[in-house]
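Those sequence lines, one after another, are chains A, B and C.
Just so you know, we're using my numbering here: the first sequence kicks off at 2 and counts up by one.
Just so you know, we're using my numbering here: the second sequence kicks off at 2 and counts up by one.
Just so you know, we're using my numbering here: the third sequence kicks off at 2 and counts up by one.
Glycine residues also receive a C-beta, built at the ideal position from the N, C-alpha and C atoms.
Just so we're clear, the structure is a prediction, and the values are computed from it rather than from any experiment.
Structure first, then comments.
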Amino acid sequence: MDNLVRLLAIEEIKQLKGRYFRFMDTRDFDGMASVFCKNAVFDCTEGAGVLPVGGSWKGERGPIVRGRDAIMDWIRDSFRDATSVHHGHCHEITVDSATEAHGVIAMEDHIRGLNRETRLVHGVGHYHERYRLEDGAWRIAETKLTRLFCDWQSQDFRVLTPETT
Amino acid sequence: MDNLVRLLAIEEIKQLKGRYFRFMDTRDFDGMASVFCKNAVFDCTEGAGVLPVGGSWKGERGPIVRGRDAIMDWIRDSFRDATSVHHGHCHEITVDSATEAHGVIAMEDHIRGLNRETRLVHGVGHYHERYRLEDGAWRIAETKLTRLFCDWQSQDFRVLTPETT
Amino acid sequence: MDNLVRLLAIEEIKQLKGRYFRFMDTRDFDGMASVFCKNAVFDCTEGAGVLPVGGSWKGERGPIVRGRDAIMDWIRDSFRDATSVHHGHCHEITVDSATEAHGVIAMEDHIRGLNRETRLVHGVGHYHERYRLEDGAWRIAETKLTRLFCDWQSQDFRVLTPETT
């Protein structure tokens with residue numbers, strides 16, 4: 002693959018992820034829908050807990066949500082009574098073809114109440130992702146969140162699971 | 002615009018913002034002056050408080066400071082008795098022409114006492130910026146800081162406002 | 002130097018540092034060895050304490066570790082009873098030749114117990130680094146960690162020094 006084309010795709014995917022975080026945190030949920038492919042998959046099974054070294058899983062299991070519309074319904078519902086801060090770090094992107102790429106991006110999030118003061122969750126981890134050029138733009142095709150730690154600072158927030166939605 | 006020229010400008014503007022943060026936090030205020038255009042504008046009206054969802058503004062209103070010299074005076078005065086950590090995330094840059102660009106960069110800051118231990122402020126938000134190629138280098142022409150949260154951990158620090166300067 | 006070659010080197014070095022953090026935090030110490038040059042030098046003398054403004058150094062002095070194998074032994078030993086989160090921000094890279102580059106990257110780390118809950122250290126600072134193209138890939142040739150703050154939240158973790166190793 003041509004090196005300039007590859008660098009352009011990497012920059013566009015970095016900006017895609019920038020928009021994902023910014024739309025999420027500024028509660029622009031309509032804008033946020035545009036970052037996902039129509040058939041996107043969001044795997045949050047490891048997003049709400051943590052695996053101690055040499056121990057076993059602690060925490061809730063989040064859902065696997067399939068399809069852009071279902072993902073956006075899930076995000077709107079989960080954050081109806083909460084706000085968020087999501088920061089992404091050191092995005093590692095591999096371009097696999099003119100229309101396919103994959104990558105890992107480290108993350109930190111702070112979930113708070115609507116007053117932006119009440120602390121609910123503080124976590125860090127990685128998004129493991131696939132990207133696809135669809136309808137003229139790079140979008141998130143698959144994303145899976147894993148955690149290095151996930152501190153629940155209040156019981157007032159929970160990840161909506163298939164059973165609770 | 003040529004794609005390689007555009008990527009070069011994006012990389013130079015990312016490094017510009019890296020220098021902004023690094024010069025600020027290592028208290029290299031002479032270096033820091035070089036990141037601003039001569040007629041730069043720093044809008045901090047939303048930099049020292051926060052807007053709850055569905056509520057109204059809480060916190061002080063910072064100043065709008067005009068011109069590189071006035072900006073540097075303001076920063077030196079504000080941080081005379083404080084140190085800082087500023088981190089930038091997921092810089093989204095659009096190059097508008099050979100000499101103009103704009104962008105948004107997420108941020109987190111920790112303001113502390115001179116001992117680097119006493120916690121004064123912890124906040125997160127976004128810088129909304131315009132950049133201009135001036136005197137041979139990309140520099141910040143306009144920047145406005147908005148907040149997702151801004152926790153005041155002590156009353157020992159305040160943003161200097163037009164009334165207090 | 003050709004601009005496209007320079008941008009490619011910058012992107013590869015950003016991904017190199019992304020792997021450094023990710024291998025470290027996911028405890029992939031075999032993968033982590035690959036990010037260092039054979040004769041790499043890790044200067045941690047300023048990594049475990051802090052210099053107050055107008056004051057004198059507070060904290061332990063970490064070691065200077067020479068050679069990839071010694072660096073990996075030191076890291077494995079230091080983190081035997083701990084986990085970590087390392088985030089990198091606003092990587093500023095200058096490519097000096099086809100095989101040499103240098104840069105600064107801001108950082109934040111959280112060191113915790115193996116349960117990923119017990120807080121041991123929280124710090125921020127900068128890595129000052131040299132990179133070299135060796136055996137077909139960019140790798141870290143020299144790195145020195147400096148701190149803006151370094152909060153020890155427990156005495157249960159210490160940087161292994163030449164005396165203690």
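- Spanning the alpha carbons of residue 121 of chain A and residue 100 of chain C requires a straight line of approximately 47 Å.
- The shortest CA-to-CA distance from residue 53 of chain A to any of C:110, C:148, C:156 and C:119 is the one to C:119.
- Only exposed fits residue 97 of chain C, as fewer than 16 other CB atoms lie within 10 angstroms of its CB.
- Straight across, the Cα-Cα distance linking residue 90 of chain C with residue 107 of chain C is about 5 Å.
- Within the region 36–64 of chain B, not one residue has a Cβ closer than 8 Å to any Cβ of chain C.
- Note that the C-beta distance between residue 46 of chain B and residue 62 of chain B is below 7 Å.
- Of the candidates A:84, A:73, A:59 and A:35, A:84 places its Cα closest to the Cα of residue 116 of chain A.
- Secondary structure of residue 155 of chain C (DSSP, three-state): coil.
- Look at residue 34 of chain B here: in three-state DSSP terms it is helix.
- Looking at the backbone, the Cα of residue 128 of chain A and that of residue 18 of chain A are separated by about 10 Å.
- The alpha-carbon separation between residue 6 of chain B and residue 132 of chain C amounts to approximately 25 Å.
- For residue 121 of chain B, none of the residues of chain A pass the 9 Å Cβ criterion, the least Cβ distance being about 17 Å.
- 4, 5, 8 and 11: these are the residues of the region 2–21 of chain C whose beta carbon lies less than 7 Å from some beta carbon of chain B, given in chain order.
- Taking 7 Å as the CB threshold, residue 86 of chain C lines the interface with chain A.
- Beta-bridge pairing by DSSP links residue 104 of chain B to B:94 and B:130.
- Residue 160 of chain B: not part of any alpha helix (DSSP H); DSSP gives it neither H nor E.
- Distances from the CA of residue 58 of chain B to each of B:157, B:42 and B:151 were compared; the closest alpha carbon is that of B:151.
- Going by DSSP, residue 66 of chain C is part of the beta strand (DSSP E) stretching over 65–67.
- The alpha-carbon separation between residue 33 of chain A and residue 140 of chain A amounts to approximately 11 Å.
- In the structure shown, residue 56 of chain B adopts coil according to DSSP, grouped into three states.
- Taking all protein chains in view, the Cβ of residue 155 of chain B is surrounded by fewer than 16 other Cβ atoms within 10 Å, so the residue is classified as exposed.
- Beta bridge pairing from DSSP links residue 150 of chain A with A:125.
- For residue 71 of chain C, the closest alpha carbon among the candidates C:135, C:9, C:95 and C:43 is that of C:43.
- Listed along the chain, the chain A residues whose CB falls inside 7 Å of the CB of residue 152 of chain C amount to none; the nearest CB is some 16 Å away.
- Closest in C-alpha terms to residue 56 of chain C, from the list B:138, B:134, B:114 and B:109, comes B:114.
- Residues are counted here when their Cβ sits less than 7 Å from a Cβ of chain A; for the region 125–143 of chain C the count is zero.
- Around residue 87 of chain A, the same chain offers 22, 25, 26, 108 and 110 as residues with beta carbons nearer than 7 Å, after the five sequence neighbours per side are excluded.
- Under the 7 Å criterion on CB atoms, residue 111 of chain A is classed as non-interfacial with respect to chain C.
- Sixteen is the threshold: when 16 or more other Cβ atoms of the shown chains lie within 10 Å of the Cβ of residue 69 of chain C, as they do, the residue is buried.
- Here the C-alpha atom of residue 48 of chain B lies approximately 42 Å from the C-alpha atom of residue 81 of chain C.
- Spanning the alpha carbons of residue 134 of chain C and residue 94 of chain C requires a straight line of approximately 14 Å.
- A direct Cα-to-Cα measurement between residue 2 of chain A and residue 92 of chain C gives close to 26 Å.
- Per DSSP, residue 116 of chain B lies in no alpha helix (DSSP H) and is assigned neither H nor E.
- In the three-state DSSP reduction, residue 89 of chain B falls in the strand class (E or B).
- Between the alpha carbons of residue 149 of chain C and residue 9 of chain A lies a distance of about 34 Å.
- Taking 7 Å as the threshold, the shortest C-beta distance from residue 149 of chain A to chain B does not fall below it.
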